[in-house]
Amino acid sequence: MVSEHLSTYFTIFVKSLNDAAMRNVDILYAKAMTLAIEKHDGQTDKGGAKYVEHVKRVAARCNADETKIVALLHDLLEDTDVTPDFLLSMGFPQEVVDDVLAMTRREGENYADFILRVEQSERGKEVKIADLEDNMDIRRLSELTEEDCRRLCRYLHSWRYLRGLEKDTSKILG
Numbered sequence: 129m130v131s132e133h134l135s136t137y138f139t140i141f142v143k144s145l146n147d148a149a150m151r152n153v154d155i156l157y158a159k160a161m162t163l164a165i166e167k168h169d170g171q172t173d174k175g176g177a178k179y180v181e182h183v184k185r186v187a188a189r190c191n192a193d194e195t196k197i198v199a200l201l202h203d204l205l206e207d208t209d210v211t212p213d214f215l216l217s218m219g220f221p222q223e224v225v226d227d228v229l230a231m232t233r234r235e236g237e238n239y240a241d242f243i244l245r246v247e248q249s250e251r252g253k254e255v256k257i258a259d260l261e262d263n264m265d266i267r268r269l270s271e272l273t274e275e276d277c278r279r280l281c282r283y284l285h286s287w288r289y290l291r292g293l294e295k296d297t298s299k300i301l302g
């Protein structure tokens, strides 16, 4: 399978990196990309596309290298078996792991409360805005269901709140 070959290539590549040859942020970016490819392998988005393409698009919307790293990792804790301790053991700084945790919705957490928590992390907020923008792109869906419309409404109000266009989270449902 191409994905397995590519994943093996990235794993070998990341293991061969050394600090003398690359900036630490480049090494962390390569590790984040490798983890995203490996851990999201076989997952698909609501439109049926490979899920890893979503995290790549979110990362592409972000500015700073460290924020791109958080974007690549942003769904790992929620959607895979990756833990914060695993990310730390892979060499990701506590600050990056904290930003990924800020992006991770807790079990039973109200969506509006989640958005308020995300807002407290500068990088988390930037990544969430990019995440919402990608999730609101309806071109990836073959049809819009009533549930899709409710979700899009929640995403739009969350995006408007995080961008400072709405003053409170009262319109964010879920």
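Under the numbering used here, think of the first position of the sequence shown as 129, with each following residue one higher. All residues carry an ideal CB built from backbone N, CA and C; glycine is no exception. Bear in mind that the values here come from a model prediction, so they are computed numbers and not experimental data.
- A distance below 9 Å separates the beta carbons of residue 156 and residue 221.
- Taking the Cα positions, residue 254 is about 17 Å away from residue 240.
- Relative to residue 273, the option among 161, 151, 175 and 159 whose CA is nearest is 175.
- The C-beta of residue 300 has 16 or more other C-beta atoms within 10 Å across all chains shown, which makes the residue buried.
- Counting along the chain, the unbroken alpha helix (DSSP H) around residue 196 starts and ends at 193 to 201.
- Collapsing the DSSP output to three states places residue 211 in coil.
- For residue 218, no alpha helix (DSSP H) encloses it, and the DSSP letter there is neither H nor E.
- One Cα belongs to residue 198, the other to residue 228, and the distance between them is close to 6 Å.
- Counting other Cβ atoms within 10 Å of its Cβ, residue 286 reaches 16 or more and is therefore classed as buried.
- The Cβ atoms of residue 204 and residue 210 lie closer than 9 Å to each other.
- Of the residues assessed, residue 249 falls on the buried side of the cut-off, its CB having 16 or more other CB atoms within 10 angstroms.
- Unbroken beta strand (DSSP E) stretches of 3 residues or longer found wholly inside the segment 227 to 301: none.
- Take the alpha-carbon of residue 292 and the one of residue 298: they are about 14 Å apart.
- It is roughly 4 Å from the alpha-carbon of residue 172 to the alpha-carbon of residue 179.
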